[in-house]
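Participant: Structure below; questions to follow.
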Amino acid sequence: MTEQPQPFRDPQLPFAQRVDDLLQRLTLDERIAMLHQFAPAVDRLGLGAFRTGQEALHGVAWMGPATVFPQAVGLGATWNDELVRRIGEAVGNEVRAKRAEDDRVGLNVWAPTVNLLRNPLWGRGEEGYSEDAGLTSAIAVAYTRGLRGDHPLYWRTAPVLKHWLAHNNETDRDTSSSSVRPRVLHEYDLKAFRDAVRAGAVAGVMPAYNLVNGRPNHVSPLLSQHLRAWTDRSLVVCSDAGAPSNLVDSEHYFDTHEEATAAALRAGVDSFTDHGQDSGIMTGRIRGALENGLLDEHDIDTAVRRLLELRFALGEFDPDLDPYAKTADFDTEDHRALALEAAEQAVVLLKNDGLLPLDPAAGQTVAVVGLLADACKLDWYSGTLIHRSTPLDGLRERFGAEHVVHAEGVDLVRLKCAEGWLRIPAADAGQEPVRGAEGALDPALLAGRTDLPPLTCGDTPSELALTDWGNGVITLREPAGRYLSVAEDGYVRASADEPGGWIVQETFRWEAVEGHAGGHRLLHVGTGRYVSVAADGVKVAAPGEEISGTPQAAGTVFEIEIAERGEDAVARAAAAADVVIVVAGNDPHINGRETEDRTTLDLPAQQERLWRAAHAANPRTVLAVTSAYPYALTDAAATLPALLWTAHGGQAAGTALARVLAGDVSPAGRLPQTWYTSDAELPGLLDYDIIGSRQTYLYYEGAPLYPFGHGLSYSDFAYSALSAEQDGDLLRVSLTVTNTGAVPADEVPQLYVRAVAPSVVRPLRQLAGHRRLHLAPGAAERVDFLLPVTGLGHWDVAHGRWSVEPGAYEIQAGASSADIRIITVVTLDGEPAGPRPVLTRGLEAADYDEQLGTAIVDRAKTDGDAVTAVADTNELLYRGCDFAAGVREAEVLAAGEGTVLITAGGTTVTVPVAATDGPYDFRTVRAQLTASGTGDLRITLRGSVRLARITFTGAGE
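In this text, residue positions in the sequence shown follow the numbering used here: the first is 992, and each later residue adds one.
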């Protein structure tokens, strides 16, 4: 007789039934253990170990060599959904292939990032796709579909969207609260997640470190109220690393870790990423919460069920049926071609006065200069390069090495101190692998090299290449070798191939020393300690340690001798060439990355000097910016004949740039975010109210340097025959795009909508659709769009619902948000929203139309919003309040202590709020208020009062 398999092993049964069977076989301790990121094996049932989390933002990351595609913001710049789907498929296949060789590689991938790029100073802007929620969601849908695969039951990988929710600052990221009004929440932040989840290729989300409206994202009620209401499919919520502990340790939101863990689990967090691979601390907290009655077994089973459903979908229990189990596609010819195609499509031509494209057959000399001219930069979420192409490599290959000259533009310096000249001892560098090549579950733990001798001082100087990355941060490097770095033993060595690591050990700052003319101390940024010369080598000392009898705080004083300024070398190369390509930009590990926001849009001064020197020597100068974020290139845009931008383009970046410059590919990348002219145009980094502060292309009323959607071509295109008609709940929109130029090229027609006469502030225009086309000269294509009518609506705070107002809407088509070529108008029927029915609905404090000097805070630790003042001058404005025949009393629900000033009908009423028992002790206070008809209501808050709600009593009641 054949032994029947356990039901959870029976592939003939539905997943849900199999999960039920397995769940009831697990002991309580086994179930609790599954709630940590690193879930142990259950040997008695034949279950293997499982971990959530594999970084795969633009290729397999942290696990050694992999195909490296352009940064996420570069994928956003392609505006090409189908291309990004193919990239997701390639990345998913490489995850599977690497998993077959290394079981540390996980199939639950933490990608993509769908946080919106509302402020270009955000340090992690490189990880997102766009400032527009619709474009972000479209690219995310494409990437997750590729990662997921198309099998109805089994998933290639299980993508998790990051980071829920309203997360755009690294400054105080685990303690700051994003004040997000209901309209911004529904129309902007939720939208980026919602459409991707509804598309069905998302396995879950990761909450962000920050708080939203005073409540940590890891205990957000929005996880159940919105996220899990968007789909019938089970979704896994994975905490961000260390965030569960932050609920107590940094945020002080809960008194004990047991309370915090219970609250997160009950809010919807299923997998706890905390304390690395040591699961004991988190599982101990869960047990403690269970013993104290803060949780019950149902809460634990709900989370475990979701995790098991994920594991079943990944084929863990059906290896013979899993269609992706034997995937071996890794670094294939197709993947390499796809990386090149993506890098080409990500290039944005910002300006061209006719200098581009260049003709490789003309025999002209091309100078390739700048700090990134011979660089192929990676970021924190990159894999290790198998192939590498720099702009210099690409141009030499395309134009011929004999026609290309190069100058990096670094300053060559020598450093002298009392002990002599700083020098790098000769050493056999060996074949030490590139940092990260071996892969690591936590690359933050990778250590620097200690096998090389530390720097010393002596009679003979070593020349160093100095790069100033801005904000006072420099790197020092052998001119053709390694960067100065500090390892765990504190010694300074020339040992790093590139700056990198969770804490970068290759960056320094100069500090002028009072009383020493020309003297500077060298501060090591990673340790916060000064560089000093000791008998056994140059080092940074531990606190309190003395070097050469001098307290470490003093540090060694160095004098800087400049052997050559970078701009002089650039000028020589430029003068000797027919055309100059200046490659400028950032290093993704310095001045703008995870944990560090930027402080300015300005290009670093050293790089400003380089393009100016190049242009002065040769007016035929092109600026090619390779960066993770926008710059304010106002002077360059006014001076230079041509500018391009691309994100760090991965392994094929240099080849792609050369092919665009040579005209092999007509550029058709489009800006996924607005490029502003200066810092003065930006709101505060922590200002999340894009409506109130008129942020992003949706509301910004100024003239940016380059608008959202901008990008030029080597060809010309005409737009014609735009039509739009309503078909039930859809708008059918069509237009014709014609290549009227002389070269085959891609074009990206963009469709925008605008409410003509809205009753509230609405976007100046909003992206409703896009398509990337390839057209031969003279060719035309009819492009069709289906727009849900609901997409023309907004969140109606007066009635607490989504609303599409009746009236006229412009349908605009063009080449960017500021280059609209053709417009038509549709008129929608319906019932007007009408005034605020305050007598029947009351007034939620957070449902304002405009505000000044306030912030939304949490009404309770589980749910609800209130509003408090953050400035003496503050106001909440509620337009069109319908008081009908009249009101005689207002009932204020508030906590804290202070006063609430209510102005309506020309009268101001002061409502005193006596001190309550803490910020969550909301009490009702009544005051006489006389108003009638329809009019605005204004509120001013004094003291620490937190206003939740106002209700009104009619005059006849």
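We put the CB at the ideal spot given by N, CA and C, even for glycine.
1. Please name the residue or residues paired with Gly1683 in a DSSP beta bridge.
2. Please report the straight-line C-alpha distance between Ala1736 and His1701, rounded to a whole angstrom.
3. Tell me the rounded alpha-carbon separation between Ile1023 and Arg1278.
4. Measuring straight from C-alpha to C-alpha, what distance separates Gly1760 and Asn1462?
5. Distance, Cα to Cα, Ser1657 vs Thr1617?
6. Roughly how many angstroms separate the alpha carbons of Ile1538 and Leu1340, rounded to a whole number?
7. Give me the DSSP bridge partner(s) of Met1197.
8. On the CB-based measure, 16 or more other CB atoms within 10 Å of its CB, does Pro1111 come out buried or exposed?
9. Determine, using beta carbons only, whether Arg1723 and Leu1777 come nearer to each other than 8 angstroms.
10. Beta carbon of Asp1165, beta carbon of Asn1106: below 8 angstroms?
11. For the beta strand (DSSP E) holding Glu1880, just list the boundary residues, first then last.
12. Between Asp1527, Pro1903, Thr1646, Leu1098, which lies nearest to Ala1330 when the distance is taken from Cα to Cα?
13. Starting from the C-beta of Gly1039, find all residues in its chain whose C-beta is less than 6 angstroms away, skip the five residues before and the five after it, and write them out in chain order.
14. Just the C-alpha distance for Leu1932 and Arg1172, rounded to the nearest angstrom, thanks.
15. State buried or exposed for Asn1582, treating a residue as buried only when at least 16 other CB atoms are found within 10 Å of its CB.
16. How far does the alpha helix (DSSP H) with Gly1137 in it reach, from first residue to last?
17. Going by other Cβ atoms of all chains shown within 10 Å of its Cβ, with 16 needed for buried, is Arg1035 buried or exposed?
18. So, are the CB atoms of Arg1087 and Arg1139 less than 8 angstroms apart?
19. Would you decide whether Gly1947 is buried or exposed? Buried here means 16 or more other CB atoms lie within 10 Å of its CB.
20. In whole angstroms, what is the alpha-carbon distance linking Ala1881 and Thr1859?
21. Going by the CB atoms, is the gap between Val1051 and Ala1057 shorter than 8 angstroms?
22. How many Å lie between Glu1672 and Ser1684 at the Cα?
23. So, Glu1399 versus Ala1358, is the Cβ gap smaller than 8 angstroms?
24. Enumerated in chain order, which unbroken segments of the alpha helix (DSSP H) with a length of 4 residues or greater are wholly contained in the segment 1558-1645?
25. Check the C-beta distance from Arg1109 over to Gln1686 and give it rounded, since I have them as a contact under 8 angstroms.
26. Do the segment 1065-1081 and the segment 1590-1602 touch if we need at least three Cβ pairs shorter than 8 angstroms?
27. Using the DSSP secondary-structure output, state which residues sit across from Cys1872 in a beta bridge.
28. First and last residue of the beta strand (DSSP E) that includes Phe1708?
29. Which whole-angstrom value describes the C-beta separation of His1639 and Ala1619, a residue pair presumed to lie in contact below a C-beta threshold of 8 angstroms?
30. Helix, strand or coil for Phe1776 per DSSP?
31. If you count every other CB in all the chains shown that lies within 10 Å of the CB of Pro1695, and 16 or more means buried, which is it?
32. Would you call the segment 1547-1558 and the segment 1405-1419 in contact, with 3 or more CB pairs under 8 angstroms?
33. State buried or exposed for Val1936, treating a residue as buried only when at least 16 other CB atoms are found within 10 Å of its CB.
34. Entirely within the segment 1029-1072 and at least 4 residues each: give me those alpha helix (DSSP H) ranges in chain order.
35. For the candidate residues Ser1669, Gly1926, Val1210, Asn1099, whose alpha-carbon lies nearest to that of Leu1299?
36. What does the alpha-carbon distance come out to for the pair Val936 and Ala1353?
Facilitator: According to the data block:
1. In the DSSP output, where bridge partners are listed per residue, Gly1683 has none listed.
2. 16 angstroms
3. Rounded to whole angstroms, the separation of the alpha carbons of Arg1278 and Ile1023 is 8 angstroms.
4. 39 angstroms
5. 18 angstroms
6. Residue placement at Ile1538 is flagged as unreliable, the pLDDT there being 48, under the threshold of 50; the coordinate-derived value follows with that caveat. Computed Cα separation, rounded: 53 angstroms.
7. Lys1153
8. Its Cβ being crowded by 16 or more others within 10 Å, Pro1111 is buried.
9. yes
10. A distance of 8 angstroms or more separates the beta carbons of Asp1165 and Asn1106.
11. 1878-1886
12. Thr1646
13. Ala1032
14. 17 angstroms
15. buried
16. Judged by DSSP secondary structure, Gly1137 falls within the alpha helix (DSSP H) whose first and last residues are 1124-1139.
17. exposed
18. Not in contact: Arg1087 and Arg1139 (Cβ atoms no closer than 8 angstroms).
19. Gly1947 is exposed by the Cβ-count criterion.
20. 19 angstroms
21. yes
22. Computed Cα separation, rounded: 11 angstroms.
23. Against a cut-off of 8 angstroms, the Cβ pair of Ala1358 and Glu1399 comes out as no contact.
24. List check, alpha helix (DSSP H) in window: 1596-1608, 1625-1630.
25. The beta carbons of Arg1109 and Gln1686 sit about 6 angstroms from each other, so the pair counts as a contact at 8 angstroms.
26. no
27. Arg1827, Gly1926
28. 1708-1718
29. 6 angstroms
30. strand
31. Per the 10 Å Cβ criterion, buried.
32. yes
33. By the 10 Å Cβ count, Val1936 comes out buried.
34. 1063-1069
35. Asn1099
36. Only positions 992 to 1948 of the chain appear in the structure, and residue 936 is not among them; the question remains open.
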